[in-house]
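Protein chains: 2
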Amino acid sequence: MYKKEISKAVINRLPRYYRYLGDLLEKDVVRISSKELSEKMSVTASQIRQDLNNFGGFGQQGYGYNVEYLHSEIGKILGLDKRYNVIIIGAGNLGQALANYADFERRGFFIKSIFDINPNLIGTQIRNATVRSNDELEDYIKINKVDIAAITVPKEKAPTIAAELVKWGVKGIWNFAPTDLNLPKDVTIENVHLAESLMKLSYRLSGKDEI
Amino acid sequence: MYKKEISKAVINRLPRYYRYLGDLLEKDVVRISSKELSEKMSVTASQIRQDLNNFGGFGQQGYGYNVEYLHSEIGKILGLDKRYNVIIIGAGNLGQALANYADFERRGFFIKSIFDINPNLIGTQIRNATVRSNDELEDYIKINKVDIAAITVPKEKAPTIAAELVKWGVKGIWNFAPTDLNLPKDVTIENVHLAESLMKLSYRLSGKDEI
Numbered sequence: 396m397y398k399k400e401i402s403k404a405v406i407n408r409l410p411r412y413y414r415y416l417g418d419l420l421e422k423d424v425v426r427i428s429s430k431e432l433s434e435k436m437s438v439t440a441s442q443i444r445q446d447l448n449n450f451g452g453f454g455q456q457g458y459g460y461n462v463e464y465l466h467s468e469i470g471k472i473l474g475l476d477k478r479y480n481v482i483i484i485g486a487g488n489l490g491q492a493l494a495n496y497a498d499f500e501r502r503g504f505f506i507k508s509i510f511d512i513n514p515n516l517i518g519t520q521i522r523n524a525t526v527r528s529n530d531e532l533e534d535y536i537k538i539n540k541v542d543i544a545a546i547t548v549p550k551e552k553a554p555t556i557a558a559e560l561v562k563w564g565v566k567g568i569w570n571f572a573p574t575d576l577n578l579p580k581d582v583t584i585e586n587v588h589l590a591e592s593l594m595k596l597s598y599r600l601s602g603k604d605e606i
Numbered sequence: 396m397y398k399k400e401i402s403k404a405v406i407n408r409l410p411r412y413y414r415y416l417g418d419l420l421e422k423d424v425v426r427i428s429s430k431e432l433s434e435k436m437s438v439t440a441s442q443i444r445q446d447l448n449n450f451g452g453f454g455q456q457g458y459g460y461n462v463e464y465l466h467s468e469i470g471k472i473l474g475l476d477k478r479y480n481v482i483i484i485g486a487g488n489l490g491q492a493l494a495n496y497a498d499f500e501r502r503g504f505f506i507k508s509i510f511d512i513n514p515n516l517i518g519t520q521i522r523n524a525t526v527r528s529n530d531e532l533e534d535y536i537k538i539n540k541v542d543i544a545a546i547t548v549p550k551e552k553a554p555t556i557a558a559e560l561v562k563w564g565v566k567g568i569w570n571f572a573p574t575d576l577n578l579p580k581d582v583t584i585e586n587v588h589l590a591e592s593l594m595k596l597s598y599r600l601s602g603k604d605e606i
């Protein structure tokens, strides 16, 4: 759909635009100038214009941006006009936190089931999702449409689980295990490495980053 | 200590180097060539050499890198030779997940206390940390050394809590609330925006990213 090469930096900013516009929508703001948006977001107005021009603009000279329209268009670019079935592997605190996060649903990500090996958890319900045994994982994936699997198991178990998920047909992996997964090219992996985030914080706290 | 301007991209890669070297250490690997390291990490050997040259090299021609030494030096650059006292605001699933993550401690991040408003949680113990009432937060920060506060409260409450934390003396904020915090320049903020991470995944899954 968008043949032009979009830089990673732009793509990294889009979810933030989307979040800001969503906040404005909630406050019933109808339109906003790139100047106002830029002040809210602490990026330059020209950066915003440039970023959005990658996708054909959306702004009107002298009017600014229609918040609802821009929100919906950026949502489409991000693929949020689709519905994603999500499963979580690992019903520990992190898996439960993800399952309880209602915001995901609003954006089209539906947590359908959670898998764990702990017999005390199997059969329990976390929000809309039932905890099932890992033994049922293969059948579940083969019978149900699973777009994304979030992996919240210990790092030692993550590579095997991920390889199985992919073998059974999952194409999107949201990985929280502190390890990099080597998976086929057609699988999309998004990593959330919490310890690395904390290290970036300590790096900057220890005053060596003057950028 | 390092006057040279280090790019954000390099800094973002350092925690990953640190993690890989830590994995090698656990496997008792003594030394590694930049070629081997590069294959493991899927970055080019010249990238690794360039990155590490920012900090004075560490490698020896024909020998490669001493894993333990490089691990420890990168640790120092990241500020991991220090000890950080961490508190968590919000004892929900996410706060509990962070409190239970033993890996943080190994790297010098000690979760000392968790604060919440839920009377059922106050007084309970999560690993090494006691859950305290938010009412005690001000006194706690003024009496104890708190280096980092992790914020895992709903987004509506995050800006107020963050402003208070900073007023009482906290300089490092690890923010999990899906909102940007406007705090004084001398405060270091590291954001973990889970919904945005999920949107980047859906963007790439919907096949518009051909980079």
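As given, the protein sequences belong to chains G and U, one line each in that order.
Residue numbering for the first sequence follows the working numbering, starting at 396 and increasing by one per position.
Residue numbering for the second sequence follows the working numbering, starting at 396 and increasing by one per position.
Note that CB positions come from ideal geometry on N, CA and C, so glycine has one too.
Does residue i get closer than 8 Å to chain U when you measure Cβ to Cβ?
| i | result |
| --- | --- |
| residue 491 of chain G | yes |
| residue 592 of chain G | yes |
| residue 563 of chain G | no |
| residue 606 of chain G | Any answer about residue 606 of chain G is weak, because its pLDDT of 37 lies below 50 and its placement is not dependable; what the coordinates show is given next. So, interface residue. |
| residue 485 of chain G | no |
| residue 439 of chain G | no |
| residue 512 of chain G | no |
| residue 446 of chain G | no |
| residue 423 of chain G | no |
| residue 509 of chain G | no |
| residue 536 of chain G | no |
| residue 478 of chain G | no |
Mark residue i as exposed unless 16 or more other C-beta atoms lie within 10 angstroms of its C-beta, in which case mark it buried.
| i | result |
| --- | --- |
| residue 587 of chain U | buried |
| residue 491 of chain U | buried |
| residue 410 of chain G | buried |
| residue 538 of chain G | exposed |
| residue 404 of chain G | exposed |
| residue 451 of chain U | exposed |
| residue 474 of chain U | buried |
| residue 502 of chain U | buried |
| residue 478 of chain G | exposed |
| residue 422 of chain U | exposed |
| residue 602 of chain G | exposed |
| residue 591 of chain U | buried |
| residue 448 of chain U | exposed |
| residue 522 of chain U | exposed |
| residue 476 of chain G | exposed |
What does the alpha-carbon distance come out to for the pair residue i and residue j?
| i | j | result |
| --- | --- | --- |
| residue 534 of chain G | residue 508 of chain G | 13 Å |
| residue 536 of chain G | residue 510 of chain G | 11 Å |
| residue 463 of chain G | residue 420 of chain G | 7 Å |
| residue 580 of chain U | residue 442 of chain G | 22 Å |
| residue 428 of chain G | residue 439 of chain G | 12 Å |
| residue 457 of chain G | residue 469 of chain G | 21 Å |
| residue 597 of chain G | residue 577 of chain U | 19 Å |
| residue 524 of chain G | residue 505 of chain G | 9 Å |
| residue 584 of chain G | residue 561 of chain U | 35 Å |
| residue 528 of chain U | residue 465 of chain U | 42 Å |
| residue 461 of chain U | residue 472 of chain G | 46 Å |
| residue 551 of chain G | residue 430 of chain G | 48 Å |
| residue 520 of chain G | residue 408 of chain U | 39 Å |
| residue 425 of chain U | residue 459 of chain U | 10 Å |
| residue 566 of chain U | residue 546 of chain U | 13 Å |
| residue 518 of chain U | residue 526 of chain U | 5 Å |
| residue 530 of chain U | residue 542 of chain U | 19 Å |
Run through the DSSP bridge pairs and tell me what residue i is partnered with.
| i | result |
| --- | --- |
| residue 584 of chain G | G:568 |
| residue 460 of chain G | G:427 |
| residue 555 of chain G | For residue 555 of chain G, which the question treats as bridged, DSSP gives no partner whatsoever. |
| residue 520 of chain U | U:525 |
| residue 453 of chain G | In the DSSP output, where bridge partners are listed per residue, residue 453 of chain G has none listed. |
| residue 511 of chain U | U:528 |
| residue 544 of chain G | G:482 and G:568 |
| residue 499 of chain G | Partner(s): none; residue 499 of chain G has no beta bridge. |
| residue 506 of chain U | U:481 |
Is residue i close to chain G? Criterion is C-beta to C-beta, closer than 8 Å.
| i | result |
| --- | --- |
| residue 475 of chain U | yes |
| residue 601 of chain U | yes |
| residue 551 of chain U | no |
| residue 596 of chain U | yes |
| residue 505 of chain U | no |
| residue 411 of chain U | yes |
| residue 406 of chain U | yes |
| residue 453 of chain U | no |
| residue 529 of chain U | no |
| residue 430 of chain U | no |
| residue 515 of chain U | no |
| residue 566 of chain U | yes |
| residue 495 of chain U | yes |
Under 7 Å from any heavy atom of the ligand SAH, does the C-beta of residue i make it?
| i | result |
| --- | --- |
| residue 562 of chain U | This structure lacks the ligand SAH, and indeed carries no ligand of any kind. |
**Message:** Taking 8 Å as the cut-off, does the region 563-575 of chain G touch the region 514-526 of chain G (at least 3 CB pairs, one atom from each stretch)?
**Reply:** No contact exists between the region 514-526 of chain G and the region 563-575 of chain G.
**Prompt:** On the three-pair Cβ rule with 8 Å, is the region 402-415 of chain U touching the region 428-442 of chain U?
**Reply:** The region 402-415 of chain U is in contact with the region 428-442 of chain U.
**Asked** Does the pairing of the region 546-563 of chain U with the region 494-502 of chain U give three or more beta-carbon distances under 8 Å?
**Response** By the Cβ test, the region 546-563 of chain U is not in contact with the region 494-502 of chain U, since fewer than three Cβ pairs between them sit closer than 8 Å.
**Prompt:** Residues in the region 573-589 of chain U with C-beta within 9 Å of chain A's C-beta atoms, listed in sequence order?
**Reply:** The structure shown contains no chain A; its protein chains are G and U.
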